[in-house]
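Residue numbers (this note's numbering): 1291 to 1594.
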């Protein structure tokens, strides 16, 4: 039944509606307007989250400190993050696969299973090398050293990065020494010697006692290959998201809200001639908000 001021015997007399409710009698599609209002509210909240993150460096600086500390500058750039992580995961998988295939030959010399045994050993070393470099050094270590207003996090990240680098270096040195020991063990067996020492089982001790004592070219190539792939994996971990932890996430949420707002605007402007004044005002408000969001996503505008 239409909302008006007529007297209806079955329902009694409707009182005059206040102005803020009376305007909804002219709304053509309440469901669409509710959806548009929800989209505007969500986009506005996400926008405020982004501005606050830039102003406070992700909560590292209190708003009260900003009043008296003119030296604290907000983040002055847009977030840098990949549109999709498929490429990162593809690179990691390729690194593990390629390094495993390349190392399979190196480890197959002294394995009872030949190339298959070398492959199983190589893929284990490669997976550990790549994943540890990506996650421990790149994603956790280098990224958490970027927020100058979180000194505790920076110190812990720096220590963790040094520990991760040392661990990866020890891993690749041990793998190289293991390759040497496999070669020497196979040569000893080929000469018919019966007193095999069993040093092939202690590559970590050999690497710790004489880290640069690599004897064969294959072992040196194994060390260079593993170190190079670890550096690439660490770089991918560092660029997996924005350098400032959390900045990429808040920007992506705002970008998603802006996309929903744009779709709602496109649907509304198609029938703009049929809209009421209230609907048009809400569409204009949504367009202004969308324009402001796009400017801030491209780079910091007027900081609030």
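We treat Cβ as the ideally placed atom computed from N, Cα and C, and that holds for glycine. In this text, all values refer to a predicted model and were calculated from it rather than measured experimentally.
Less than 7 Å divides the Cβ of residue 1533 from the Cβ of residue 1436. Per DSSP, reduced to three states, the secondary structure at residue 1425 is helical. Between the segment 1451 to 1466 and the segment 1525 to 1539 there are fewer than three inter-stretch CB-CB distances shorter than 8 Å, so the stretches are not counted as touching. Proximity to residue 1392 across 1378, 1410, 1379 peaks at 1410, based on C-alpha coordinates. Per DSSP, the continuous alpha helix (DSSP H) segment holding residue 1393 begins and ends at 1376 to 1397. Distance from the CA atom of residue 1353 to the CA atom of residue 1325, rounded to whole angstroms, is 33 Å. By the beta-carbon neighbour count (other beta carbons within 10 angstroms, threshold 16), residue 1384 is exposed. Around the beta carbon of residue 1375, fewer than 16 other beta carbons lie within 10 angstroms, which makes this residue exposed. Assigned with DSSP and collapsed to three states, residue 1537 falls in helix. If you check the CB distance, residue 1369 and residue 1390 do not come in under 7 Å. Cβ-Cβ separation between residue 1458 and residue 1520: approximately 5 Å, consistent with a contact (criterion under 8 Å). Per DSSP, reduced to three states, the secondary structure at residue 1441 is helical. Between residue 1356 and residue 1362, the alpha-carbon positions lie close to 7 Å from each other.
Note that the segment 1501 to 1508 does not touch the segment 1338 to 1347; fewer than 3 beta-carbon pairs, one per stretch, sit closer than 8 Å. Cβ-Cβ distances below 7 Å link residue 1455 to 1427 in the same chain, with the five nearest sequence neighbours on each side left out; the list follows chain order.
In this model, residue 1550 and residue 1538 are separated by some 19 Å (Cα to Cα). Counting along the chain, the unbroken alpha helix (DSSP H) around residue 1525 starts and ends at 1507 to 1528.
With a contact defined as Cβ atoms closer than 8 Å, residue 1323 and residue 1567 miss out at about 13 Å. When the alpha-carbon of residue 1528 is set against those of 1396, 1424, 1333, the nearest one is in 1424. The beta carbon of residue 1447 sits closer than 8 Å to those of 1430, 1431, 1432, 1433, 1434, 1435, all from its chain and outside the five residues before and after it, given in chain order.
Rounded to the nearest whole angstrom, the CA to CA distance from residue 1553 to residue 1583 is 14 Å.
The C-beta distance from residue 1367 to residue 1589 rounds to 7 Å, short enough to meet the 8 Å contact threshold. Residue environment: residue 1331 is assigned as exposed (fewer than 16 neighbouring CB atoms within 10 Å of its CB, all protein chains considered). With distances taken between CA atoms, residue 1440 lies nearest to 1351 out of 1388, 1556, 1351.
Taking C-beta atoms under 8 Å as the contact rule, residue 1334 and residue 1512 fail to qualify, at a distance of about 56 Å. Of the residues 1373, 1348, 1471, 1460, the one whose Cα lies closest to the Cα of residue 1443 is 1348.
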